[in-house]
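This report refers to the structure that appears directly beneath it.
In UniProt numbering, the protein residues as written are 1 to 252.
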């Protein structure tokens, strides 16, 4: 029997919807592609990243020509952002249109993280808006649907959160994966098409600490909410397990 051919690396484009804070830029190669490179490297270990994924970064905020030709990629990952996915800035509308194009095209798979999760919701016709309950921050346990348990391979997931916007209701045709008391739309999935989570599997405690302190210092996050979040910021979380589920999704 001959050996099976080695599959080619999956061509994954990171659509960068924001620029990291200075400490994150310094430690993770200057952008969110560096952050996700760090995440997928850990998720694939000991397999080398380059044997499974070819990652490219695309600044979709300030460079409208940065979008990859869908024929040149196998999947995209839409990053988180300080911006709101329900706004009507030109670059946000362009990103929604591009996401719709990929979903309708049927070949290029889409992963959404936080803001990216919300962009996917908007592209599929769901309402996105401000959560009246306020911020959801730091490591939070999520309750899983049966399909969520199957997709992620665990009965409970803990994930770093950094949001006060949300997808208000699941869009038509998706399978819900998980929820929290604060946000009922934490994860959604369509086989071989899209998977998205509201939290941040790519964030580490040091990243979230930097963001929390900046937003508290600027009066964006109230002191009591900040102190509660800081008390959980270094808790163990399952970002690598979520990234491994993303990789399984890409290979479906």
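Every residue, glycine too, gets a C-beta built ideally from N, C-alpha and C.
In this structure, residue 191 sits away from residue 124, with a CB-CB distance that is not shorter than 8 Å. Each of 250, 18 and 224 was checked against the Cα of residue 195, and the nearest Cα belongs to 250. The segment 112–120 makes contact with the segment 198–214, as at least three CB pairs between them are under 8 Å. In this structure residue 45 is exposed. Its beta-carbon is surrounded by fewer than 16 other beta-carbon atoms within 10 angstroms.
Per DSSP, the unbroken alpha helix (DSSP H) holding residue 117 starts and ends at 115–123. Looking from the CA of residue 25, the closest CA among 65, 244 and 210 belongs to 210.
DSSP, reduced to helix, strand and coil, places residue 32 within a helical segment of the structure shown. Measuring C-alpha to C-alpha distances from residue 68 to each of 61, 79 and 56 identifies 56 as the nearest. Between the alpha carbons of residue 100 and residue 60 lies a distance of about 15 Å. Setting aside the 5 residues that flank it on each side, residue 246 is surrounded in the same chain by 111 and 195, each with a C-beta closer than 7 Å to its C-beta; the list follows chain order. Rounded to whole angstroms, residue 147 and residue 206 show a C-alpha spacing of 31 Å. According to the DSSP assignment, residue 161 belongs to no alpha helix (DSSP H) but to the beta strand (DSSP E) extending over 156–163. Pairwise C-beta distances place the segment 229–242 in contact with the segment 134–147, as three or more of them are shorter than 8 Å. Secondary structure note for residue 196: its beta strand (DSSP E) is the uninterrupted segment 194–197. Note on residue 202: 16 or more other CB atoms within 10 angstroms of its CB, so buried under the neighbour-count rule. Separation of residue 70 and residue 102 (C-alpha to C-alpha, rounded to the nearest whole angstrom) is 7 Å. C-alpha of residue 182 to C-alpha of residue 176: approximately 15 Å in a straight line. When rounded, the separation of the alpha-carbon atoms in residue 78 and residue 143 is 24 Å.
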